[in-house]
Amino acid sequence: MARPSPLTNTLRPPLLAVLLSSLLAACGGGGGGSGNSTTPPVVTPPVANDGSLNDPVIYSGNPTASLASATESAAIVKGTMVLNGQSIAYTSTTGHLTGTDARTGRAASFFYVAYTADGKEPGSRPVTFFYNGGPGSASMWLHLGSFAPKRIQSQVPSNVILGSVTPVDNAESLLDVSDLVFVDAVGTGYSQAVAPARNRDYWGVDADAAGFRDFVQRYVAANNRQQSPKVLFGESYGAPRTGIMASLLETAGTRVSGVVLHSAIMDYNSNCSVISTRSCEGYIPTYAATGNYYKLASPAPADVPSFLQEVRAYSATTYRDAVGRWLSSNTLPQPGVAQQLFRYTGVLASRWQTNLNYGPDAFAQELVPGQLLGRYDARVSGAPGSPVAADGDPSLTVVNGAFDSAIRTYLTGTLKYSAASTYVTFNNIIETWNFSHDGKEVPDTIPDLAAAINLNPSMKVLAQSGYHDLATPFYQTELDLQRLGANPNIVVRNYAGGHMIYLDDAARRAQKADLVQFYGSLGK
Amino acid sequence: MMNKLLLMTILALSTATASAAGNGNEPPVPACADPCVPQRLRHAPATPAASGAALQQQAVAKLRQRFSEADLDANGALTRDEARKAGLGWVVNHFAEIDSAGSGKVTFEDMRRYMAKRRKQALGPAAPQ
Chain Y
0 MARPSPLTNT
10 LRPPLLAVLL
20 SSLLAACGGG
30 GGGSGNSTTP
40 PVVTPPVAND
50 GSLNDPVIYS
60 GNPTASLASA
70 TESAAIVKGT
80 MVLNGQSIAY
90 TSTTGHLTGT
100 DARTGRAASF
110 FYVAYTADGK
120 EPGSRPVTFF
130 YNGGPGSASM
140 WLHLGSFAPK
150 RIQSQVPSNV
160 ILGSVTPVDN
170 AESLLDVSDL
180 VFVDAVGTGY
190 SQAVAPARNR
200 DYWGVDADAA
210 GFRDFVQRYV
220 AANNRQQSPK
230 VLFGESYGAP
240 RTGIMASLLE
250 TAGTRVSGVV
260 LHSAIMDYNS
270 NCSVISTRSC
280 EGYIPTYAAT
290 GNYYKLASPA
300 PADVPSFLQE
310 VRAYSATTYR
320 DAVGRWLSSN
330 TLPQPGVAQQ
340 LFRYTGVLAS
350 RWQTNLNYGP
360 DAFAQELVPG
370 QLLGRYDARV
380 SGAPGSPVAA
390 DGDPSLTVVN
400 GAFDSAIRTY
410 LTGTLKYSAA
420 STYVTFNNII
430 ETWNFSHDGK
440 EVPDTIPDLA
450 AAINLNPSMK
460 VLAQSGYHDL
470 ATPFYQTELD
480 LQRLGANPNI
490 VVRNYAGGHM
500 IYLDDAARRA
510 QKADLVQFYG
520 SLGK
Chain V
0 MMNKLLLMTI
10 LALSTATASA
20 AGNGNEPPVP
30 ACADPCVPQR
40 LRHAPATPAA
50 SGAALQQQAV
60 AKLRQRFSEA
70 DLDANGALTR
80 DEARKAGLGW
90 VVNHFAEIDS
100 AGSGKVTFED
110 MRRYMAKRRK
120 QALGPAAPQ
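As you go down the protein sequences, you meet chains Y and V in turn.
The first sequence begins at 0 in numbering that gives the first Met the number 0 and counts up one residue at a time.
The second sequence begins at 0 in numbering that gives the first Met the number 0 and counts up one residue at a time.
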């Protein structure tokens with residue numbers, strides 16, 4: 000039972016966990032839900048000799064679900080991996096920690112998986128918190144696709160639907176530079192609100208970010224990570240969540256050394272696929288990069304970076320002016336504008352003449368005749384009606400099923416954690432979510448990031464985007480971040496990939512290299 | 000509970016199937032995947048995206064609001080204890096530096112001065128004001 004690793008010692012002796020859960024069980028803890036009279040009595044989670052945990056709780060993603068109480072137990076599994084020729088022994092910790100709002104007492108039991116290198120002083124290494132977005136997505140994409148010790152091998156940008164897969168050792172894991180914590184939002188994975196709070200109390204831009212703040216603070220306290228540089232790593236909706244979290248954590252006195260904004264949408268108000276009346280200027284370079292991928296740019300650019308630089312400049316000047324007139328008064332563009340956009344992107348001039356504010360849905364359907372391009376990765380395509388196009392996004396369809404089933408077997412098989420309910424990979428809560436923030440109907444979180452930088456001007460910001468992502472276009476992220484003004488701590492990197500950049504092997508390697516540099520630049 | 004979860008899953012699946020069952024060559028509408036907002040918000044009114052000095056003003060206003068919320072006696076200044084009670088750990092951690100006069104309380108202006116000083120230290124003289 001005695002485990003020599005510093006992690007186990009600082010986390011809590013397993014015996015204490017058993018005692019604690021018995022006490023809580025005596026208070027009638029367990030999985031609860033609205034009007035649910037069939038909640039089973041909680042049995043003390045057995046912390047087995049092999050570190051496995053059979054959590055008897057039934058977790059629910061229902062809006063009104065609420066745990067009567069929560070335990071903080073976890074499965075603990077040892078592993079080793081070789082990174083850059085160096086063997087790293089590490090501990091995987093899978094379970095729950097309760098994040099509690101210090102002012103209101105509102106609490107949720109957050110499900111997380113932490114990978115920590117063994118034998119290191121807790122304060123000596125950075126700790127990074129990863130989460131996907133949605134809202135409503137569990138963090139399985141980042142967890143099993145990106146920089147954890149194990150990952151699913153995908154074949155992106157192939158349009159072959161991935162079959163059943165087992166995660167393998169990840170040569171691009173970030174475990175050599177940081178401890179890694181993957182955490183699920185309330186109502187996803189196995190995360191759930193604790194009474195009197197209900198899941199839906201966390202389903203809003205501000206409430207959600209505050210909950211994540213509380214989890215980070217709890218993790219830091221429970222694992223003695225006060226001295227570690229803290230990094231927040233959010234993807235998609237996880238990026239605006241990060242902006243707000245950074246501001247909330249800094250305010251609360253938890254220093255955030257760096258944030259990684261992965262395929263970000265910092266300002267929902269600026270994205271023309273979210274709000275169709277906004278200029279699509281942020282998308283034009285994505286269209287050009289993708290047109291070029293399909294060899295539709297004319298003339299074929301000799302040098303892609305300078306080509307995209309030219310398209311950015313065109314988008315920010317000629318196109319912006321023309322689309323402004325189009326949106327305000329339906330003024331048709333000069334024929335030369337539509338012609339130029341055709342040469343850059345391959346989208347026919349007649350289409351630009353019909354709708355100068357040409358959105359990504361039309362682009363995905365029309366760029367290549369007889370093919371639907373992926374929203375998450377426009378390089379992945381399929382014929383409408385074919386299985387790969389059946390869900391509307393071929394690039395999601397090629398990986399969705401494989402990730403969905405792999406996370407469940409991975410949690411129980413490799414991480415030795417099982418609960419009495421199914422892991423919620425995606426919870427369709429968009430209609431319930433409160434998107435308003437700072438007086439706007441949909442969030443603009445650049446002011447939050449600015450506030451965080453005011454509190455910690457040394458904070459490092461790394462934005463990573465994919466050139467072929469039709470959901471969160473790279474140039475829009477550049478425009479959003481430009482609002483912060485010149486700041487050498489803000490770095491933008493783009494890759495030949497989609498929304499989940501890391502699914503592409505070459506892109507993931509490039510991301511890793513940039514991340515290693517980023518971690519090297521962190522202050523405390 | 001289990002049944003509810005099951006029902007939700009079935010509902011989610013059937014929604015996905017329904018959207019996949021488009022007619023003819025009409026491509027199916029993808030499920031509301033990240034990032035996504037409900038239809039009713041797709042026409043949110045345009046609001047100017049602040050940058051530069053206006054953005055800085057917004058950021059400072061946000062911090063000022065947190066300060067004011069913590070200032071329960073509304074005297075325009077926070078003691079260390081007030082800051083702690085309000086969860087303003089940042090103020091607590093930097094209290095002595097913000098309160099350079101050693102008065103035992105800090106105003107929001109003290110806080111602004113301290114932030115500007117640190118910005119200059121971190122980002123050099125070219126730091127945005």
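Ideal placement from N, C-alpha and C gives every residue a C-beta, glycine not left out.
All values reported here derive from a predicted model rather than from experimental measurement.
Measure the Cβ-Cβ separation of residue i and residue j and say whether it is below 7 Å.
i, j, result
"Y/Val258", "Y/Thr241", "yes"
"V/Arg65", "Y/Thr99", "no"
"Y/Gly104", "Y/Tyr236", "no"
"V/Leu71", "Y/Ala449", "no"
"Y/Ser262", "Y/Ala451", "no"
"Y/Val460", "Y/Ile489", "yes"
"Y/Val273", "Y/Tyr282", "no"
"V/Gly88", "Y/Gly252", "yes"
"Y/Asn158", "Y/Val379", "yes"
"Y/Val491", "Y/Ala462", "yes"
"Y/Asp447", "Y/Ile243", "yes"
"Y/Ser86", "Y/Thr97", "no"
"Y/Val193", "Y/Ala69", "yes"
"V/Thr86", "V/Thr106", "Checking the sequence shown, residue 86 of chain V turns out to be Gly, not Thr. No, these two residues do not count as a Cβ contact at 7 Å."
"Y/Asp168", "Y/Ala137", "no"
"Y/Pro442", "Y/Val204", "yes"
"Y/Ile160", "Y/Val303", "no"
"Y/Arg212", "Y/Pro62", "no"
"Y/Ala296", "Y/Tyr466", "no"
"Y/Leu414", "Y/Val164", "no"
"Y/Leu174", "Y/Tyr114", "yes"
Which same chain residues, not among the five before or five after residue i, have their C-beta less than 6 Å away from its C-beta?
i, result
"V/Lys3", "Because the pLDDT of V/Lys3 is 42, which lies under 50, any placement of that residue in the model is unreliable, and the question is left without a value."
"Y/Tyr409", "Pro166"
"Y/Pro134", "Tyr236, Trp432"
"V/Ala73", "none"
"Y/Phe306", "Pro300"
Contact defined as beta carbons within less than 8 Å: I believe residue i pairs with residue j. What is the distance between those atoms, to the nearest angstrom?
i, j, result
"V/Arg118", "Y/Pro456", "4 Å"
"Y/Ala74", "Y/Gly50", "6 Å"
"Y/Thr444", "Y/Met265", "5 Å"
"Y/Met139", "Y/Phe402", "6 Å"
"Y/Val185", "Y/Ala419", "Actually they do not touch by this definition, with Cβ atoms about 18 Å apart."
Within its chain, find whatever has a CB closer than 7 Å to the CB of residue i; leave out the 5 residues flanking it on each side and keep chain order.
i, result
"V/Gly103", "Thr78"
"Y/Gly78", "Tyr89, Ser91, Pro148"
"Y/Ser520", "Lys459"
"Y/Leu347", "Phe341"
"Y/Gly275", "It is Ser, not Gly, that sits at residue 275 of chain Y in the sequence shown. Answer for Y/Ser275: Gly358, listed in chain order."
"Y/Ser227", "Pro121, Gly122, Arg124, Pro125, Val126"
"V/His93", "Tyr113"
"Y/Gln510", "Gln463, Tyr494, Ile500, Tyr501"
"Y/Gly527", "With chain Y running from 0 to 523 in the structure shown, residue 527 of chain Y is simply not present."
I'd like the span of the alpha helix (DSSP H) that includes residue i, first residue to last.
i, result
"Y/Gln226", "Premise fails: Y/Gln226 is in no alpha helix (DSSP H) and is neither H nor E."
"Y/Ile445", "445-454"
"Y/Asp504", "504-520"
"Y/Leu141", "139-144"
"Y/Ser327", "319-328"
"V/Phe94", "94-97"
"Y/Leu260", "Per DSSP, Y/Leu260 belongs to no alpha helix (DSSP H); it is in the beta strand (DSSP E), 257-261."
"V/Ala121", "107-122"
"Y/Ile151", "Segment: none, Y/Ile151 is in no alpha helix (DSSP H) and carries neither H nor E."
How is the beta strand (DSSP E) around residue i delimited, first residue to last?
i, result
"Y/Asp479", "Segment 473-481 is the alpha helix (DSSP H) holding Y/Asp479; no beta strand (DSSP E) there."
"Y/Ala238", "Unbroken run through Y/Ala238 is the alpha helix (DSSP H), 237-250; no beta strand (DSSP E)."
"Y/Gln333", "Taken as a continuous stretch (DSSP letters only), Y/Gln333 belongs to no beta strand (DSSP E), as it is neither H nor E."
"Y/Met80", "73-82"
"V/Ala76", "76-78"
"Y/Gln463", "459-465"
"Y/Asn493", "489-494"
"Y/Ala107", "106-116"
"Y/Phe306", "First-last for Y/Phe306: 303-313, but that is the alpha helix (DSSP H), not the beta strand (DSSP E)."
Tell me which same chain residues have a C-beta within less than 8 Å of the C-beta of residue i, skipping the five on either side of it?
i, result
"Y/Leu502", "Gly144, Ser153, Val155, Asp376, Val398, Gly496"
"V/Val59", "Arg111"
"Y/Gln225", "Gly122, Val219"
Is any non-hydrogen atom of the ligand MN found closer than 6 Å to the C-beta of residue i, if you look at the structure I gave you?
i, result
"Y/Val259", "In the structure on display, the ligand MN does not appear, and there are no ligands present to speak of."
List, from N- to C-terminal side, the beta strand (DSSP E) runs of 3 residues or more that fit wholly inside the region 162-231 of chain Y. 178-182, 191-193
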